[in-house]
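Asks: If you're matching them up, the sequences are chains A and B in order. Residue 0 is where the first sequence starts when you use numbering that gives the first Met the number 0, and the numbers rise one by one after that. Residue 0 is where the second sequence starts when you use numbering that gives the first Met the number 0, and the numbers rise one by one after that. Think of the CB as a built atom: it goes at the ideal place given N, C-alpha and C, for glycine as much as any other residue. A quick note: this is a predicted structure, and the numbers were derived from the prediction, not measured. Have a look at the structure that comes next, please.
Number of protein chains: 2
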Amino acid sequence: MATTFVRISDLKSHVGETVSVRGWVMTTRSSGKIAFLTMRDGTGYLQAVFPKNELVDGAWDRFATMTQEANVLVAGTVRADARAPGGFELTATDVTVVAPSVEYPITPKDHGTAFLFEHRHLWLRSRKQVAIARVRNEIEHGISDFFYDRGFIRTDSPILTGSIGEEAGELFATEYFDLGQAYLAQTGQLYIEATAAAHGKVYCFGPTFRAEKSKTRRHLTEFWMCEPEVAFADSNENMRLQEAFVSYLVARVLERRQDELKELERDTAPLEKVIAPFARITYTDAIANLQGQGSDIQWGTDLGADDETALAKAYDKPLFVMNYPKQVKAFYMKENPDDTRTVLNNDCLAPEGYGEIIGGSQREDDYDRLLARIEAQGLNPETYKWYLDLRKYGGFVHSGFGLGLERTVAWICGIPHIREAIAFPRQIHRLYP
Amino acid sequence: MATTFVRISDLKSHVGETVSVRGWVMTTRSSGKIAFLTMRDGTGYLQAVFPKNELVDGAWDRFATMTQEANVLVAGTVRADARAPGGFELTATDVTVVAPSVEYPITPKDHGTAFLFEHRHLWLRSRKQVAIARVRNEIEHGISDFFYDRGFIRTDSPILTGSIGEEAGELFATEYFDLGQAYLAQTGQLYIEATAAAHGKVYCFGPTFRAEKSKTRRHLTEFWMCEPEVAFADSNENMRLQEAFVSYLVARVLERRQDELKELERDTAPLEKVIAPFARITYTDAIANLQGQGSDIQWGTDLGADDETALAKAYDKPLFVMNYPKQVKAFYMKENPDDTRTVLNNDCLAPEGYGEIIGGSQREDDYDRLLARIEAQGLNPETYKWYLDLRKYGGFVHSGFGLGLERTVAWICGIPHIREAIAFPRQIHRLYP
Numbered sequence: 000m001a002t003t004f005v006r007i008s009d010l011k012s013h014v015g016e017t018v019s020v021r022g023w024v025m026t027t028r029s030s031g032k033i034a035f036l037t038m039r040d041g042t043g044y045l046q047a048v049f050p051k052n053e054l055v056d057g058a059w060d061r062f063a064t065m066t067q068e069a070n071v072l073v074a075g076t077v078r079a080d081a082r083a084p085g086g087f088e089l090t091a092t093d094v095t096v097v098a099p100s101v102e103y104p105i106t107p108k109d110h111g112t113a114f115l116f117e118h119r120h121l122w123l124r125s126r127k128q129v130a131i132a133r134v135r136n137e138i139e140h141g142i143s144d145f146f147y148d149r150g151f152i153r154t155d156s157p158i159l160t161g162s163i164g165e166e167a168g169e170l171f172a173t174e175y176f177d178l179g180q181a182y183l184a185q186t187g188q189l190y191i192e193a194t195a196a197a198h199g200k201v202y203c204f205g206p207t208f209r210a211e212k213s214k215t216r217r218h219l220t221e222f223w224m225c226e227p228e229v230a231f232a233d234s235n236e237n238m239r240l241q242e243a244f245v246s247y248l249v250a251r252v253l254e255r256r257q258d259e260l261k262e263l264e265r266d267t268a269p270l271e272k273v274i275a276p277f278a279r280i281t282y283t284d285a286i287a288n289l290q291g292q293g294s295d296i297q298w299g300t301d302l303g304a305d306d307e308t309a310l311a312k313a314y315d316k317p318l319f320v321m322n323y324p325k326q327v328k329a330f331y332m333k334e335n336p337d338d339t340r341t342v343l344n345n346d347c348l349a350p351e352g353y354g355e356i357i358g359g360s361q362r363e364d365d366y367d368r369l370l371a372r373i374e375a376q377g378l379n380p381e382t383y384k385w386y387l388d389l390r391k392y393g394g395f396v397h398s399g400f401g402l403g404l405e406r407t408v409a410w411i412c413g414i415p416h417i418r419e420a421i422a423f424p425r426q427i428h429r430l431y432p
Numbered sequence: 000m001a002t003t004f005v006r007i008s009d010l011k012s013h014v015g016e017t018v019s020v021r022g023w024v025m026t027t028r029s030s031g032k033i034a035f036l037t038m039r040d041g042t043g044y045l046q047a048v049f050p051k052n053e054l055v056d057g058a059w060d061r062f063a064t065m066t067q068e069a070n071v072l073v074a075g076t077v078r079a080d081a082r083a084p085g086g087f088e089l090t091a092t093d094v095t096v097v098a099p100s101v102e103y104p105i106t107p108k109d110h111g112t113a114f115l116f117e118h119r120h121l122w123l124r125s126r127k128q129v130a131i132a133r134v135r136n137e138i139e140h141g142i143s144d145f146f147y148d149r150g151f152i153r154t155d156s157p158i159l160t161g162s163i164g165e166e167a168g169e170l171f172a173t174e175y176f177d178l179g180q181a182y183l184a185q186t187g188q189l190y191i192e193a194t195a196a197a198h199g200k201v202y203c204f205g206p207t208f209r210a211e212k213s214k215t216r217r218h219l220t221e222f223w224m225c226e227p228e229v230a231f232a233d234s235n236e237n238m239r240l241q242e243a244f245v246s247y248l249v250a251r252v253l254e255r256r257q258d259e260l261k262e263l264e265r266d267t268a269p270l271e272k273v274i275a276p277f278a279r280i281t282y283t284d285a286i287a288n289l290q291g292q293g294s295d296i297q298w299g300t301d302l303g304a305d306d307e308t309a310l311a312k313a314y315d316k317p318l319f320v321m322n323y324p325k326q327v328k329a330f331y332m333k334e335n336p337d338d339t340r341t342v343l344n345n346d347c348l349a350p351e352g353y354g355e356i357i358g359g360s361q362r363e364d365d366y367d368r369l370l371a372r373i374e375a376q377g378l379n380p381e382t383y384k385w386y387l388d389l390r391k392y393g394g395f396v397h398s399g400f401g402l403g404l405e406r407t408v409a410w411i412c413g414i415p416h417i418r419e420a421i422a423f424p425r426q427i428h429r430l431y432p
């Protein structure tokens with residue numbers, strides 16, 4: 000065996016050389032005098048050609064023992080070939096089966112969804128799942144770049160909390176030593192409002208938790224959220240940051256992940272149109288619009304997924320819907336001075352029926368008003384003492400938002416359900432693997 | 000007021016212009032005809048000079064009402080001044096107190112640790128805490144850059160799990176709908192061993208949880224860990240990746256966060272020596288070394304914090320200690336073929352008494368051996384079925400490690416306790432704020 004081990008993505012630097020490649024078997028076929036292997040090593044896909052007459056002793060027989068997902072070591076010469084996947088091919092001289100794979104559960108035939116999620120740890124190796132993960136990786140590094148380059152400080156918010164982000168009753172709880180119950184955070188926002196006063200521009204990025212019994216294609220019990228918070232920014236500036244951020248992420252994936260989007264058969268034309276600024280409509284206008292479309296929705300109720308789709312279909316970019324009724328939104332959103340029935344918030348609806356990917360708002364910065372809202376919602380002010388302090392000592396105008404990572408990945412990849420947008424999805428009936 | 004609002008970090012582009020700066024009061028002093036304000040807006044620190052005769056009506060009186068951490072709006076002209084913090088000063092013409100701050104709890108006098116952590120949400124605004132957070136931010140973006148640039152795919156591992164990473168009995172548990180208990184993950188490693196087979200080189204980066212009752216300066220119940228995993232890498236390659244990674248992070252902070260290291264009065268000379276490669280000793284040699292130093296430690300026991308300090312003090316770089324006894328390490332570590340009492344693992348000990356910042360190992364890739372280890376530790380093989388599958392279908396040599404973020408931040412910042420290395424630390428007696 001050649002002792003130069005090369006990953007498939009690095010073969011381009013070894014044309015004409017004899018190398019060894021380690022990876023897993025995808026498919027094999029043989030025609031008596033020549034055999035073909037397609038393999039993957041995680042960094043790429045490779046075809047290796049085995050001419051029977053040019054192989055070392057025993058290699059032809061060993062080729063015949065290879066099965067799907069066996070771990071193999073192939074030696075051969077790297078050849079550039081424009082028709083090959085990745086542009087390179089291996090003319091093999093030898094192959095060894097390092098570790099077998101007997102009756103691999105996921106075959107080229109169709110499997111049911113439940114079966115695939117039960118075998119998620121293996122299903123992740125399939126081409127489409129690999130492509131989704133690589134788009135997700137691009138978006139995650141894009142998040143880090145976007146905020147770092149703009150002077151934001153990442154401040155990680157705690158998962159274990161004594162206080163409650165949005166709605167009680169949808170929280171996972173755990174015993175916390177002698178301190179009673181701790182709750183898994185639904186949001187890092189309240190905490191990064193504190194760090195925004197320390198650093199001006201901050202964000203957190205991590206897992207968040209909702210113990211709600213939703214089974215829709217837009218819900219997970221554990222999902223990742225990116226939440227920026229900016230001191231001295233109002234709701235208007237907040238939307239400008241959102242449209243800059245979303246446009247950046249989409250443009251970055253289009254620029255760097257074309258292969259993966261092709262693998263996913265994603266029509267990229269709708270993505271090319273995602274350029275700031277985005278249109279803005281008020282909730283009140285949205286209700287009138289929906290009623291005009293024949294809906295019987297009434298002012299004061301929250302928008303559902305179908306309403307979001309109906310509103311967004313008139314736009315070929317994401318759409319901001321602003322100033323929702325106070326009663327359907329969280330206590331920390333600032334009252335709209337121009338219409339005190341509403342708050343200075345916005346949702347950002349993705350096009351193509353993907354619905355809400357961002358929720359954002361200007362925060363209530365007045366101590367007395369915030370305390371009244373906390374009390375009105377039956378929350379315990381003692382738990383929020385530290386949060387109220389932010390309004391007591393140099394209160395400041397500030398705004399922020401939360402972008403749901405899996406919803407964003409699902410939209411950009413063009414996949415129907417967010418459960419494929421994360422490696423190991425958690426749903427109310429799924430905790431394994 | 001001037002309508003051009005500028006953040007302090009951007010003042011360099013506005014020299015000679017009249018601008019408004021928003022921020023919080025740090026200190027004020029006045030001498031009858033001239034007054035001085037130092038303020039911060041999160042992006043930097045600024046001195047504003049108020050010549051009484053040049054102020055607009057009422058501004059002198061308003062200046063007198065400013066208290067620590069009041070939110071103020073200052074108008075003036077930007078002047079370059081090499082002696083000023085940040086290199087710029089404001090010659091003010093006007094000031095408005097936007098929001099007051101009455102009896103701010105954290106004054107320049109010394110406060111006790113318990114008091115400061117009880118007011119962590121405000122303490123984070125102080126100069127030293129700001130500097131630590133900025134070093135942490137640099138390290139976090141460094142993590143993202145390091146792995147992205149080397150072709151690693153970030154794959155987020157779940158927090159809510161049915162399976163157990165290392166030791167049972169130190170896990171936070173929560174009711175999970177009809178599926179019984181879910182446990183908060185102590186590590187993402189087992190999951191990213193699955194994604195390593197999909198992508199070759201992967202990492203996860205997120206919060207991890209230990210419900211252990213440790214009260215040391217090196218323990219938190221919730222802490223962030225960065226865990227890479229590499230297919231086809233053995234223990235030797237694993238250590239090469241670790242030393243490259245740690246050297247990169249240290250060099251990056253030295254290059255980009257000099258101001259913060261100065262603020263922290265960090266002696267940077269020891270950090271400048273942190274260049275790969277690092278020395279490697281075996282656990283067995285480490286025990287002999289400690290016994291030679293007079294310790295009564297016996298072969299077979301794990302190393303404690305004092306042992307780590309005693310070993311590391313002979314080195315001016317991080318030190319690898321390899322091949323610990325099987326009995327003190329986790330079930331998934333691969334047996335050392337040269338000494339089957341031990342495993343192919345390593346810890347990486349930081350210099351200057353900071354102890355373990357990384358634990359890594361080559362993973363057991365043989366199905367039967369792994370199953371035997373799981374059973375020997377009294378764990379339920381059914382829970383680990385998916386993990387065993389990784390050895391059943393194309394088992395592969397692979398290695399990885401976990402770097403503790405807070406320990407790394409504490410070491411690089413030169414602070415004694417890791418609880419200041421995270422915004423909202425969680426300890427057995429602390430869940431607030």
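Can you grab the Cα-Cα spacing for the pair residue 154 (chain A) / residue 300 (chain B), in whole Å?
Replies: 38 Å
Asks: Would you grab the beta carbon distance between residue 339 (chain A) and residue 282 (chain A) for me? Rounded to a whole angstrom, and I think it's under 8 Å.
Replies: So it is not a contact: roughly 14 Å between Cβ atoms.
Asks: Just checking: is the beta-carbon of residue 200 (chain A) within a distance shorter than 8 Å of some beta-carbon in chain B?
Replies: yes
Asks: Using the Cα positions of residue 3 (chain B) and residue 145 (chain A), report the straight-line distance between them to the nearest angstrom.
Replies: Between the alpha carbons of residue 3 (chain B) and residue 145 (chain A) lies a gap of roughly 24 Å.
Asks: Pull up the distance between the alpha-carbon of residue 402 (chain A) and that of residue 414 (chain B), whole angstroms please.
Replies: Computed Cα separation, rounded: 34 Å.
Asks: Can you list, in chain order, the residues of the segment 225-236 of chain B whose Cβ is nearer than 9 Å to any Cβ on chain A?
Replies: Listed by position along the chain: 230, 231.
Asks: Is the shortest distance between the beta-carbon of residue 70 (chain A) and the beta-carbons of chain B less than 8 Å?
Replies: It does; some Cβ of chain B falls within 8 Å.
Asks: Candidates B:102, B:11, B:16, B:39: which alpha carbon is nearest residue 23 (chain B)'s?
Replies: B:39
Asks: Cβ atoms of residue 89 (chain A) and residue 73 (chain A): under 8 Å apart, would you say?
Replies: yes
Asks: Alpha helix (DSSP H) containing residue 384 (chain A): first to last residue?
Replies: 384-391
Asks: Return the residues of the segment 142-159 of chain A that lie within a Cβ-Cβ distance of less than 9 Å from chain B, sorted by chain order.
Replies: So the list reads 142, 143, 144, 146, 147, 150, 151, 152, 153, 154, 155, 156, 157, 158, 159, given in the order they occur along the chain.
Asks: Can you give me, in chain order, the residues of the segment 16-48 of chain A that have a beta carbon less than 7 Å from any beta carbon in chain B?
Replies: 21, 23, 40, 41, 42
Asks: Do residue 332 (chain A) and the ligand ADP come close, with the Cβ less than 7 Å from some heavy atom?
Replies: Here there are no bound small molecules, and the ligand ADP is not part of this structure.
Asks: Could you tell me the boundaries of the beta strand (DSSP E) in which residue 38 (chain A) lies?
Replies: 33-39
Asks: Does any residue of chain A have a CB that is nearer than 8 Å to the CB of residue 134 (chain B)?
Replies: no
Asks: Quick one: Cα of residue 322 (chain A) to Cα of residue 352 (chain A), how far?
Replies: Approximately 21 Å, taken between the alpha carbons.
Asks: Return the residue from the list A:309, A:276, A:331 that minimises the CA-CA distance to residue 290 (chain A).
Replies: For the options A:309, A:276, A:331, the alpha carbon positioned closest to that of residue 290 (chain A) is the one of A:309.
Asks: Please classify residue 327 (chain B): does DSSP put it in a helix, a strand, or coil?
Replies: helix
Asks: Take residue 318 (chain A) as the anchor and find which of A:261, A:280, A:34 has the nearest alpha-carbon.
Replies: A:280
Asks: For residue 364 (chain A), count neighbouring C-beta atoms within 10 Å of its own C-beta (all shown protein chains included) and say buried if the count is 16 or more, exposed if not.
Replies: buried
Asks: For a contact defined as C-beta to C-beta under 9 Å, what are the partners of residue 427 (chain A) on chain B?
Replies: Ordered by position in chain B, the residues that pass the 9 Å Cβ test against residue 427 (chain A) are 175, 176, 177, 178.
Asks: Can the beta-carbon of residue 69 (chain A) be found closer than 8 Å to that of residue 187 (chain B)?
Replies: no
Asks: Buried or exposed for residue 298 (chain B), please, with buried defined as at least 16 other CB atoms from any protein chain shown within 10 angstroms of its CB.
Replies: exposed
Asks: Have a look at residue 337 (chain A) and residue 326 (chain A) and give me their C-alpha separation to the nearest angstrom.
Replies: 16 Å
Asks: Since residue 171 (chain A) meets chain B, which of its residues come closer than 7 Å, beta carbon to beta carbon?
Replies: 173
Asks: Residues in the same chain with beta-carbon distance under 8 Å from residue 253 (chain A), minus the five sequence neighbours each way, listed in chain order, please.
Replies: So the list reads 260, 267, 270, 271, once near-sequence residues are dropped.
Asks: Tell whether a beta-carbon distance below 8 Å holds between residue 120 (chain A) and residue 109 (chain B).
Replies: no
Asks: To which residues of the same chain is residue 296 (chain B) closer than 7 Å at the C-beta, ignoring the five residues directly before and after it?
Replies: 286, 289, 290, 306
Asks: Using 8 Å for Cβ pairs, my map puts residue 133 (chain B) next to residue 152 (chain A). What's the rounded Cβ distance?
Replies: 6 Å
Asks: Taking just the CA atoms, how far does residue 189 (chain A) sit from residue 213 (chain B)?
Replies: A straight line joining the alpha-carbon of residue 213 (chain B) with that of residue 189 (chain A) spans about 28 Å.
Asks: Would you call the CB atoms of residue 18 (chain B) and residue 96 (chain B) closer than 8 Å?
Replies: no
Asks: Rounded to whole angstroms, how far is the Cβ of residue 138 (chain A) from the Cβ of residue 408 (chain A), which I believe are closer than 8 Å?
Replies: 6 Å
Asks: Give a yes or no on whether the C-beta atoms belonging to residue 425 (chain B) and residue 159 (chain A) are separated by under 8 Å.
Replies: Taking the C-beta atoms as reference points, residue 159 (chain A) is found nearer than 8 Å to residue 425 (chain B).
Asks: What are the start and end residues of each continuous beta strand (DSSP E) run of 3 or more residues lying completely inside the segment 193-246 of chain B, in chain order?
Replies: 200-208, 221-230
Asks: Rounding to the nearest angstrom, what Cα-Cα distance links residue 396 (chain B) and residue 100 (chain B) in this structure?
Replies: 60 Å
Asks: Which residues of chain B have a Cβ atom closer than 7 Å to the Cβ of residue 193 (chain A), listed in chain order?
Replies: 120, 123
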